[in-house]
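Keeping their order, the protein sequence lines are chains A and B.
Each residue of the first sequence is one higher than the one before, counting from 1 in my numbering.
Each residue of the second sequence is one higher than the one before, counting from 366 in my numbering.
C-beta atoms are modelled at their ideal positions from N, C-alpha and C, and glycine is treated no differently.
Note sheet for the following structure.
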Amino acid sequence: MSITEQNLNSAGMSGEQAENKPEEGYFTRLLSQVPAGYWVLAVVLLLMPSVASNFVLFQIFGWTFILGMIALSLMFLAGYGGMVSIVQMTVAGIAGYMVAIIGPSAITDISLGWPWWINIPLALVIATVFGSLTGALAVRTEGIYTIMITLAIASAFFYFARQNYVMFNGFQGFNGVLPPELFGVNWRGPKAFYYLTLFWATVSFLVVQYVSRAPFGLALQGVRDNARRMEALGFNVTAHRIAAYAFAALIAGVGGILLTWQSAQISPGTIGVGPVIDVLVIAVIGGMKRPIGPFIGAFIYVVLKTFAIDILVSLGMSGDRFQLLIGLGFLLIVFFSPDGILGLWERLRSSKNRDPLLDKDGGGL
Amino acid sequence: MLGDFRSHKYTGNFLLRIEGVSMRLFIERNPVWSFIIFCLIAFLVWMIFAIWPEWLIDAIGRKKIFLNALFNGVTLGALYFLVASGFTLIFGLMRNVNLAHGSLYLLGGYIGFQVAEWSGYWLLAFPVTFVVVGALGILLQVFVFRKMEGEDLRQTLVTIGISIVMADLMLWGWGGDFYNINPPSWLNGPMDTFFVTGVKRSTGDLIYMKYPIVRLVILAAAIVIGVAMWLILNRTQIGMLIRAGVDDRDMLSATGARIQLVFIGVFAFGAGLAGVAGVVGGTFQTVAPGEDIRFLLASLVVVIVGGMGSISGAALGALLVGLAEQFGSVYFPTYAVVLTFLIMVVVLAFRPQGIMGRA
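Now the structure itself:
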């Protein structure tokens, strides 16, 4: 796969449009490229609070957006950089821990209680630094090794946080970690939290979409496809990879802070090996080719996780078998559609448009 | 995207050199390092055999604690070696990072427990577990991994799925309880070793260390298995096939060797070894949910430290990790686990291909 077809197409399309209608501004041209489906989705998501219940807003959609952001950071690294880093949940967890340590929480012995305008940026900076350092270690090896190394680093941090009582408060972690009441809004209220997470999820989605077409993103995709050629062209391959880790860590960090606020607590359980792998599962189920994939995966995961007990009980099984359901679903997806749900959808569409004479189809591997 | 890894060329070809040559080379190239390593080993040997003077006891505590940590570390390393050698062999030959390896270990533990319970023969648990888990390995290779040959990342993702499913099935079958596999009576209890831990104040007699027999037997068994593996790989026809497959899979199949059979054999052997390690682990420690992840991580660290695809690297890595874990838990209890990962980070930073791995 060369630099994704989608990018080439969109670049070509914008070029044509620029020739045809030179009077149009950059912004209008950008907006005209957005497919109709996204406008519908945006309107539906914006109007959701008027119909949906508080539980759906806070628990289902809030969680979907947060997990989607963390999985999006993995998708960015894996899809555009070719580096499957399992450490993203850990990066998110570090941001969450830092918010709890630097800012206010119920554990007053440890928490410094600094105001939000120092707390949040500092937490994000620390998470980004951690992500970059992990990246610097992980890029020393390639391909399949990245999974092993990032998995090892993720579990190392999990054990460290569980054993360290001085800074991370050990097994219990922190509770009572609440968002600041900016503009007099209780940001943990269902509607406010819904819009908060929707906003940041949209921002990170758009930023990833933008970066994927910016020079940095294109160079990163070039590194993914052929690192040696990019090196010969004068690109610093290692620097690009580490920068990708830093960028992904920032997104994961924002997700981690929101995750901590949502449950008002952070503990080693949040960043255990299970959740760490779940992020990979989410990204793979959704599809790692495009930034919308992780959000689709996160939605499926959250719905399954929330309603698995009901589904399983209605099938006459015990509700404890949620992991089995997720695992089997994951296996089926990897088996039949390595590009996740999105890949499945694309293959369906291309098989519909297939030319019976040429018998060619675009989708699939 | 997943397909991209297919074209990935690993510049290195790993594994399994004849060690004597490389050691002499190492000494010739790095005389200073060799001297430092030699001094450290000499000091360690002195610490093991000498009666400790007072200042040393004041500095790091009694010799008995040190020797126990050392022995526990070495025997734990033997267990890690059993798990990790299968993992590294499968990786070296098939480029398949089998993240379900820990699940095979745990399954082996449960099966071993059941067999030992039903039949009453501890020794019977080993062959039965080896065959059952090895057969599962054959099924996995034939029905899953063969379908996606050459797609590293997809295979790895599948193994993650399998490990999730297996973990839940085992939780379903055996519940969350802890199981212990009891060794037979002739292996129970401690035995006297010839290591001196101290001198009796009153009589002046030497005190010898006592150590559980079963752990020593298992250590011996692990060494025998390791040496046998090395001999098979380096001295037999089958071993030659496997080594050729590790170096260049395509060329080997082009010469007409039935590489699929080799793959199946190696996967079955690696899986069976993980199962046997499960029985050993169940005897040493406990069989419980969560152990699968623990041992998967241990094997990951062992092969990262030792070098991918290298049996001797797995042995060295397992020894290092086992020792680090035990000494860590004795001398710095809070950060025992972190010490293990610190070793990994240091190795990665200075020698990304692992101690015995070849770049």
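| Item | Value |
| --- | --- |
| Range of the contiguous beta strand (DSSP E) that encloses residue 355 of chain B | Any property of residue 355 of chain B remains undetermined from this structure, which presents chain B solely from 366 to 724. |
| Cutoff 8 Å: residue 535 of chain B Cβ touching any chain A Cβ | no |
| Best match in A:289, A:311 and A:323 for proximity to residue 275 of chain A [C-alpha to C-alpha] | A:323 |
| Straight-line gap, residue 21 of chain A to residue 296 of chain A (C-alpha atoms, nearest Å) | Only weak support exists for where residue 21 of chain A lies, its pLDDT of 46 falling under 50; the coordinates are left without a value. |
| For residue 670 of chain B and residue 449 of chain B, the rounded distance between their alpha carbons | 11 Å |
| Contact residues within the stretch 541 to 561 of chain B, judged by C-beta distance below 7 Å to chain A | none |
| Inter-residue spacing [alpha-carbon to alpha-carbon] between residue 661 of chain B and residue 524 of chain B | 12 Å |
| Residues that residue 148 of chain A contacts on chain B, provided the C-beta gap is smaller than 7 Å | 462, 665 and 669 |
| Runs of alpha helix (DSSP H) lying entirely within the stretch 243 to 323 of chain A, each at least 4 residues, in chain order | 273 to 286 and 292 to 314 |
| Against chain B: residues of the stretch 75 to 101 of chain A by CB proximity under 8 Å | 78, 79, 82 and 84 |
| Helix, strand or coil at residue 175 of chain A [DSSP, three-state] | strand |
| Contacts around residue 682 of chain B, its chain only, beta-carbon distance under 6 Å, and the 5 residues preceding and following it disregarded | 667, 670 and 671 |
| Boundaries of the alpha helix (DSSP H) in which residue 183 of chain A is found, first to last residue | Unbroken run through residue 183 of chain A: none, as it is neither H nor E. |
| Cβ pair residue 397 of chain A, residue 98 of chain A closer than 8 Å | The question about residue 397 of chain A has no answer here: the residues shown for chain A are numbered 1 through 365. |
| For residue 70 of chain A and residue 222 of chain A, believed in contact at Cβ under 8 Å, the rounded distance | Contact doesn't hold; Cβ gap of about 26 Å is too wide. |
| Supposed close pair residue 447 of chain B, residue 645 of chain B - CB separation, criterion 8 Å | 6 Å |
| Given 8 Å, three or more beta-carbon pairs between the stretch 465 to 479 of chain B and the stretch 492 to 502 of chain B | yes |
| Alpha-carbon spacing of residue 711 of chain B relative to residue 704 of chain B, whole angstroms | 11 Å |
| CB contact check: residue 517 of chain B to chain A, cutoff 8 Å | yes |
| Any 3 or more C-beta pairs closer than 8 Å across the stretch 400 to 420 of chain B and the stretch 632 to 641 of chain B | no |
| beta-carbon residue 432 of chain B near the ligand SAM non-hydrogen atom, thresh 7 Å | The ligand SAM is not part of the structure shown, which contains no ligands of any sort. |
| Beta-carbon neighbours of residue 301 of chain A, restricted to chain B and to distances below 8 Å | Neighbours of residue 301 of chain A on chain B: none; closest Cβ ~13 Å, over 8 Å. |
| Contact residues within the stretch 682 to 715 of chain B, judged by C-beta distance below 9 Å to chain A | 698, 699, 700, 701, 702, 703, 705, 706, 707, 709, 710, 713 and 714 |
| Local Cβ density within 10 Å of residue 126 of chain A, reported as buried at 16 or more and exposed below that | buried |
| Residue 247 of chain A beta carbon less than 8 Å from that of residue 76 of chain A | yes |
| Where residue 213 of chain A meets chain B, residues with beta-carbon distance less than 8 Å | What residue 213 of chain A touches in chain B: nothing, since even the nearest Cβ is about 17 Å away. |
| Proximal residues of chain A, C-beta to C-beta of residue 523 of chain B below 8 Å | 331, 334 and 335 |
| Under 8 Å from the C-beta of residue 311 of chain A: neighbouring residues of chain B | Ordered by position in chain B, no residue passes the 8 Å Cβ test against residue 311 of chain A, which lies about 15 Å from the chain. |
| Same chain only: Cβ atoms within 7 Å of residue 62 of chain A, ignoring 5 sequence neighbours per side | 193, 194, 197 and 262 |
| Chain A contact for residue 731 of chain B (CB, 8 Å cutoff) | Residue numbering for chain B in the displayed model covers 366 to 724; residue 731 of chain B lies beyond these limits and cannot be assessed. |
| Within-8 Å CB hit, residue 662 of chain B to chain A | yes |
| Cutoff 8 Å: residue 532 of chain B Cβ touching any chain A Cβ | yes |
| Beta-carbon contacts of residue 268 of chain A that lie in its chain and below 7 Å, excluding the five residues immediately before and after | 158, 161, 162, 171 and 173 |
| Contacts of residue 140 of chain A in chain B (Cβ-Cβ under 8 Å) | 713, 714 and 717 |
| 8 Å contact criterion, which residue 139 of chain A and residue 238 of chain A should meet: CB distance rounded | 6 Å |
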